[in-house]
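Okay, so here's the structure we're looking at.
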């Protein structure tokens with residue numbers, strides 16, 4: 004039985020994805036905290052009732068909507084309560100039991116010195132030997148004869164989409180840095196669940212089936228102190244974020260990562276800045292954060308590498324579009340090209356303007372990480388090594404991604420100053 008009339012709110016930290024399976028629509032539950040059961044799903048018939056789970060609607064409101072949906076037929080309170088109990092049993096409502104479980108999960112992560120791999124055994128093999136063989140096979144992916152080979156990159160952008168759909172692009176990115184011996188690595192990833200904070204930095208050691216990767220805890224603490232205004236109050240968002248986990252795996256195959264510290268940074272959204280500022284540097288704390296990270300990159304020892312784990316456009320019904328990914332492909336490819344052109348020029352201002360023009364209409368989830376890369380490395384030029392699109396047919400949606408290598412070069416500002424005027 005439901006103990007009160009007010010309906011509990013849906014959890015804000017889950018994703019509900021409507022897909023068509025075996026001829027019928029179902030709602031898949033994606034819960035990175037793992038409170039909901041694996042492969043949890045809802046009947047699409049409950050979709051009209053979900054907006055009522057907002058923390059203020061009542062059982063009576065739910066009964067009324069159910070009656071309208073059933074043509075005015077009588078709906079008993081017990082029928083409405085059964086829906087609430089079913090959703091509660093799945094762990095997708097903000098109940099006291101769920102809040103207690105979440106507090107326990109947060110406490111355990113905060114107290115742990117390590118960030119455990121979350122995708123081992125699902126998105127990639129948990130067995131070290133099998134995983135190593137998979138990564139070696141991807142890295143051996145044949146290069147196109149026309150592939151550009153930039154010399155001595157100081158940074159790369161690689162996908163963070165599932166390895167199984169982007170082998171060629173991962174290979175292109177990591178092939179570019181295979182011969183390097185970095186002294187430390189700045190990891191820039193998409194903070195999909197970061198909320199309103201611009202960044203989250205972690206000092207935890209990464210643990211994968213291939214071993215441990217230490218973080219530069221001293222640098223993380225120093226940057227956190229210098230740029231607290233832009234940072235999340237803790238690093239809990241790192242626990243379930245996949246955008247850096249895939250990068251760590253490739254780095255472990257390329258370098259002796261037990262000896263190469265990383266500085267893991269997750270980057271939040273910037274859409275609220277479009278039209279409000281000329282540059283993200285005007286947002287509270289961002290300039291201080293960029294300066295602190297850039298200072299760390301420039302201090303001894305030399306040879307630090309920057310790796311961004313980013314995807315590009317996300318379109319189709321899965322992401323809220325009324326049109327399919329294939330229908331939208333010409334449009335999102337055009338925006339992707341504008342973004343890639345800005346990366347090739349190493350121009351953070353052009354990148355921000357490109358996003359602002361469409362207000363990131365096609366959901367480039369790596370936008371803030373790419374802007375941050377250019378901001379902390381203001382004098383680089385990019386070479387686009389690969390670009391691809393994955394179409395997820397069951398959801399009629401699509402995701403694009405690219406591999407880009409960055410090498411030291413003149414900044415856009417100095418190039419402009421060196422160009423003779425037409426007068």
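Numbering (the working numbering), first residue to last: 4 to 426.
Idealized CB from N, CA, C, for every residue including glycine.
Values in this document were obtained by computation on a predicted structure and should not be read as measured data.
query = Sorted by chain position, which residues of the same chain lie with C-beta nearer than 7 Å to residue 129's C-beta, five sequence neighbours on each side aside?
reply = 123, 212
task = With DSSP as the reference, label residue 118 as helix, strand or coil.
result = strand
key: CB contact flag (residue 241, residue 121, <8 Å)   = no
key: Cut-off 7 Å between Cβ atoms - residues of its own chain near residue 194, not counting five sequence neighbours on either side   = 203, 240, 244, 269, 270, 271
key: Proximity of residue 409 and residue 158 at Cβ, strictly below 8 Å   = yes
query = Within 10 angstroms of its Cβ, does residue 233 collect 16 or more other Cβ (buried), or is it exposed?
reply = buried
ask   = Under a three-way DSSP split, which group does residue 262 fall into?
value = coil
task = Look at the Cβ atom of residue 53, then the Cβ atom of residue 64, and state whether they are nearer than 8 Å.
result = no
query = What whole-angstrom Cβ distance do residue 169 and residue 28 have, given they're in contact under 8 Å?
reply = So it is not a contact: roughly 28 Å between Cβ atoms.
message = Taking 8 Å as the threshold (C-beta atoms), are residue 406 and residue 380 in contact?
response = no
Close-in-space but distant-in-sequence residues of the same chain around residue 359 (CB under 6 Å, 5 per side omitted) = 277
task = Give a yes or no on whether the C-beta atoms belonging to residue 349 and residue 384 are separated by under 8 Å.
result = yes
Per-residue DSSP class, three states only, for residue 94 = coil
query = Hey, quick one: how far does the beta strand (DSSP E) through residue 284 stretch, first residue to last?
reply = It is not in any beta strand (DSSP E) - residue 284 carries neither H nor E in the DSSP assignment.
inquiry  = Does residue 17 pass the burial test, meaning 16 or more other C-beta atoms within 10 Å, or should it be called exposed?
reply    = buried
query = Can the beta-carbon of residue 142 be found closer than 8 Å to that of residue 171?
reply = no
Which residues DSSP lists as bridging residue 33, in chain order = 18
query = Would DSSP call residue 23 helix, strand or coil?
reply = strand
key: Nearest residue (CA-CA) to residue 273, options 100, 368, 24   = 368
request  = Name the one or two DSSP bridge partners that residue 360 has.
outcome  = Residue 360 pairs with nothing; no bridge assigned.
request  = Provide the residue span of the beta strand (DSSP E) that contains residue 192, from first to last.
outcome  = 188 to 193
ask   = Under three-state DSSP, which class holds residue 274?
value = helix
ask   = Going by alpha carbons, who is nearest to residue 214 out of 316, 298, 262, 347?
value = 262
Where the beta strand (DSSP E) containing residue 395 begins and where it ends = 383 to 395
query = Going by alpha carbons, who is nearest to residue 118 out of 105, 184, 210, 11?
reply = 210
task = State the DSSP-derived secondary structure class of residue 105, mapped to helix, strand or coil.
result = helix
key: Alpha carbon of residue 153 to alpha carbon of residue 160, nearest angstrom   = 13 Å
request  = Please report the residue range of the beta strand (DSSP E) in which residue 3 lies.
outcome  = Shown here, the chain extends from 4 to 426; a query on residue 3 therefore has no answer.
query = What residue does the alpha helix (DSSP H) around residue 177 start on, and which one ends it?
reply = 170 to 178
inquiry  = Using a Cβ-Cβ cutoff of less than 7 Å, which residues in the same chain neighbour residue 324 once the five nearest sequence positions on both sides are dropped?
reply    = 318, 331
task = Have a look at residue 34 and residue 412 and give me their C-alpha separation to the nearest angstrom.
result = 43 Å
ask   = Which runs of the beta strand (DSSP E) spanning at least 3 residues fall entirely within the segment 40 to 86, listed in chain order?
value = 44 to 46
query = Of the residues 189, 90, 378, 11, which one's Cα is nearest the Cα of residue 289?
reply = 378
ask   = How would you call residue 420, buried or exposed, if buried means at least 16 neighbouring beta carbons within 10 angstroms?
value = Confidence is the limiting factor: at residue 420 the pLDDT is only 34, short of 50, which leaves the residue's position unreliable, though a coordinate-based value still follows. Under this definition residue 420 is an exposed residue.
task = Using the Cα positions of residue 140 and residue 180, report the straight-line distance between them to the nearest angstrom.
result = 17 Å
Residue 241 in three-state terms, based on DSSP = helix
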